[in-house]
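Accompanying notes for the structure given below.
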Amino acid sequence: MKIGVPKEIAPGERRVGLTPDAAAALVKSGLDVLIESGAGDGAFHADAAFEAAGARIAPDAAALYGQADVVVKVQRPTSAEVDQLREGAVLVSFLQALTSAELVQRLAARRITSFGMEGIPRISRAQKMDALSSQANLAGYKAVLIAAESLPKFFPMLMTAAGTVFAARALVMGAGVAGLQAIATARRLGAQVWGYDVRPVVKEQVESLGAKFLQLELGVADAEDQGGYAKALSADAAKRQQELLAEKTKDFDVVITTALVPGRPAPRLVTKETVAGMRPGSVIVDLAAEAGGNCELTQPDRVVVEHGVTIHGPTNLPATMPVNASQLYARNVTELLREFVKDGTLALDFADEIIKGACITHGGEIVSEAANAAAARKTA
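The opening residue of the sequence shown carries number 43 in our numbering; numbering runs sequentially from there.
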């Protein structure tokens, strides 16, 4: 079986689907690994490193797609890339299947067996395949560095001959993987840190990192779904949340937002009125920019200044750290491949929770219940 890794063509994407060490492990297991020439350049992995690992170099994308039985990508494929896939081939990548109905339909029409890395279930056995978490860790870390660079103040408290400089105050909204990493990083830089989440169950995790938990009374009994993600709030609860956060955010120098609901627009946590009430010089880093933003004034991949507040809307921070991002993603993918490639052949067991959760299309059909439900909501 041939595993193919094409060069990523999305603007700004520097990650690669497999790294040389991951390729070596697959070759050792008896698989043939093809790498498009230059695919690893953005992550500082030269063609020679892949060849030393036992992989073969394909001169271009057409040659790679023409041979590969399994294609490993980071970003979801374009229509042109889908058309280059061999009919019946396997595709592994971030597909964003819940918001990419046309892509999913196109994959089904081409009889592609596709696996969305965002669909890996949150169970203990699947932790080593959880690419959402591995990449969110990087995003949470980098978000704090962006905030520290933009903030016209020190993060830590300093005792100097000229007087005391008080530590910056940072609020992280959303205590998932990205949020918890942001909290830990801000703490390491010396800021006073608070964490907020609609799920009271994460209070202990926030406090374990040395931060304080911001508790808001929203009157919501169960804010967590079966997958461990935050549920979308009712309109009344969401409005109440905005009002309470508006009162609190004016006390912070840095606000980092990470709140997402799978398959839906990002919850609006910070309104333009909230921004207007913040201190001039404050910084917001909105990690939900790609899904519409947690801040009303966020613009994807732009830095805007409103009322003296600097608002960052990065959409792909892991790509700015391509060495570790590729390393972690490649390990996630390799572990998934081991689940459905047995003795060099495809062996799909749809009774397996991991295969069922991650597989989007197979045999000309959309087999993901979540993707089908999302498509139904869109046409309703």
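By construction, the Cβ of each residue, glycine as well, lies at the ideal position given by its N, Cα and C atoms. These numbers were taken from a predicted model, which means no experiment stands behind them.
With 16 other Cβ atoms within 10 Å as the buried cut-off, status of V317: buried
Per-residue burial, I51 [other beta carbons within 10 Å of its own, 16 or more giving buried]: exposed
Contact between the segment 359-371 and the segment 330-346 (3+ Cβ pairs under 8 Å): no
Exposed unless 16 or more other CB atoms sit within 10 angstroms - verdict on M201: exposed
Closest residue to S156 among V146, R230, R373, R56 (Cα-Cα distance): V146
A217 and A181 closer than 7 Å at C-beta: no
8 Å contact criterion, which K44 and E377 should meet: CB distance rounded: No, K44 and E377 are not in contact; Cβ-Cβ is about 19 Å, not under 8 Å.
Residue from G54, P48, G82, E78 with nearest C-alpha to T61: G82
Residue from D239, T352, I396 with nearest C-alpha to S192: T352
Beta-carbon spacing of E93, P48 below 7 Å: no
CA-to-CA distance, A66 to G237, given in whole angstroms: 41 Å
E289 to R98 span [Cα, whole Å]: 58 Å
Contact under 7 Å by Cβ, P58 with S368: The sequence shown places Val at residue 58, not Pro. Contact flag set, yes.
Ranges of the alpha helix (DSSP H) found wholly within the segment 217-241, counting only runs of at least 4: 219-230
Residue(s) in a DSSP beta bridge with A212: V235, V296
Where F197 falls, given that 16 or more other Cβ within 10 Å makes a residue buried: buried
Counted within 10 angstroms of its Cβ, other Cβ atoms place T299 as buried (16 or more) or exposed: buried
Nearest residue (CA-CA) to A166, options A104, T403, E395, I402: The amino acid at residue 166 is misidentified as Ala; the sequence shows Ser. Selected option, being the one with the closest Cα: E395.
Cα-Cα separation, G320 to N179: Position check: residue 320 holds Met in this sequence, whereas Gly was assumed. Approximately 27 Å between the Cα atoms of the pair.
Sheet register partners of L133 (DSSP bridge): V113, S156
Unbroken alpha helix (DSSP H) run spanning A189, endpoints: 173-192
Residue span of the beta strand (DSSP E) that contains A151, given as start and end: Careful: A151 lies outside any beta strand (DSSP E), inside the alpha helix (DSSP H) at 143-151.
Alpha helix (DSSP H) segment containing R380, residue limits: 364-382
Length at least 4, wholly inside the segment 380-411: the alpha helix (DSSP H) runs in chain order: 395-400
Short Cβ contact (7 Å threshold) for I225 with A203: no
Top-ranked residue by Cα proximity to A110, from L133, A212, A95, G232: L133
Selected residue, minimal CA-CA separation from G399, among A151, P163, A139, R152: P163
Rounded C-alpha distance that separates L222 from A301: 12 Å
L256 versus N414: straight-line alpha-carbon distance, rounded: 37 Å
Spatial distance of L359 from A185 (CA atoms): 8 Å
Counted within 10 angstroms of its Cβ, other Cβ atoms place E160 as buried (16 or more) or exposed: buried
Spatial neighbours of S121 in its chain, beta-carbon cut-off 7 Å, leaving aside the 5 residues before and after: R148
V124: first and last residue of the uninterrupted alpha helix (DSSP H) it sits in: 121-126
Within 7 Å, strictly: CB atoms of I154 and L187: no
Closest residue to I402 among A150, I326, P356 (Cα-Cα distance): A150
Opening and closing residue of the beta strand (DSSP E) in which T202 lies: 200-202
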